[in-house]
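Visitor: Following this message is one structure expressed as structure tokens.
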Amino acid sequence: MGFFDKLTGTRHPEAGVAPRSAEELRKALLALNGPDVPYAISDGSAHGADLVAEWRIAEPTWQHVFVQSQLTHAIRIRMRLAEDVPEVRAVEESWEVSRVGNPPRLKASGTYGRGGGRTISRRYTLQRGESGRLEATESFSFDSAQLTDPLRSTALDAGWTWRGVVFGKL
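Throughout, this note's numbering is defined as the position within the sequence shown, counted from one, plus 553.
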């Protein structure tokens, strides 16, 4: 892996893995959707891409998770499936979000960023353990890798390169 690949988050599949068709990869990526995951993957034609993955921050059933996580950025990943190479070209976009109202909900601001990044939020509870000493127990955890890792792994397992795009067109 070269220096620029490391900067952009580009990963290559294992040697000898035969690439599957773009349609098979598309179906595999869409199959990652489910009611128990905090993101949604959908058709990306409205965003100039083949597929789009984004946090479900607007959905009422997921809003409490994102508010509790003290999330500061909403993330969207636009993906283009380039079958001739084969690689998934991915642009990670983020917007700053803030909490408004009571009960609080997330609202996007005008601050926009492009390129890879990682947001991790953890909350700990202090309590006395069996020995009587104070112990910190993780009571909440949120990691933006929950969105990027399954997408990248699915592409790599299908024999495709995951290429992070920072500059230029998707």
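Where is the CB? At the ideal position from N, CA and C, for every residue including glycine. Being a predicted model, the structure only gives us computed values, none of them experimental.
1. Excluding five sequence neighbours on each side, which residues of the same chain lie with their C-beta closer than 6 angstroms to the C-beta of residue 757?
2. Since residue 682 and residue 688 should fall inside the 8 angstroms C-beta cutoff, what is the C-beta to C-beta distance between them, to a whole number of angstroms?
3. Within 10 angstroms of the Cβ of residue 642, are there 16 or more other Cβ atoms? Answer buried if so, exposed if not.
4. Since residue 633 and residue 603 should fall inside the 8 angstroms C-beta cutoff, what is the C-beta to C-beta distance between them, to a whole number of angstroms?
5. By Cβ distance, which residues of its chain are closer than 6 angstroms to residue 570, with the 5 residues on each side in sequence left out?
6. Taking the continuous alpha helix (DSSP H) assigned at residue 596, which residues delimit it?
Guide: Well, looking at it:
1. Here the chain has residues from 554 to 723 only, and residue 757 is not among them.
2. 4 angstroms
3. buried
4. 5 angstroms
5. 712
6. Per DSSP, residue 596 belongs to no alpha helix (DSSP H); it is in the beta strand (DSSP E), 592-596.
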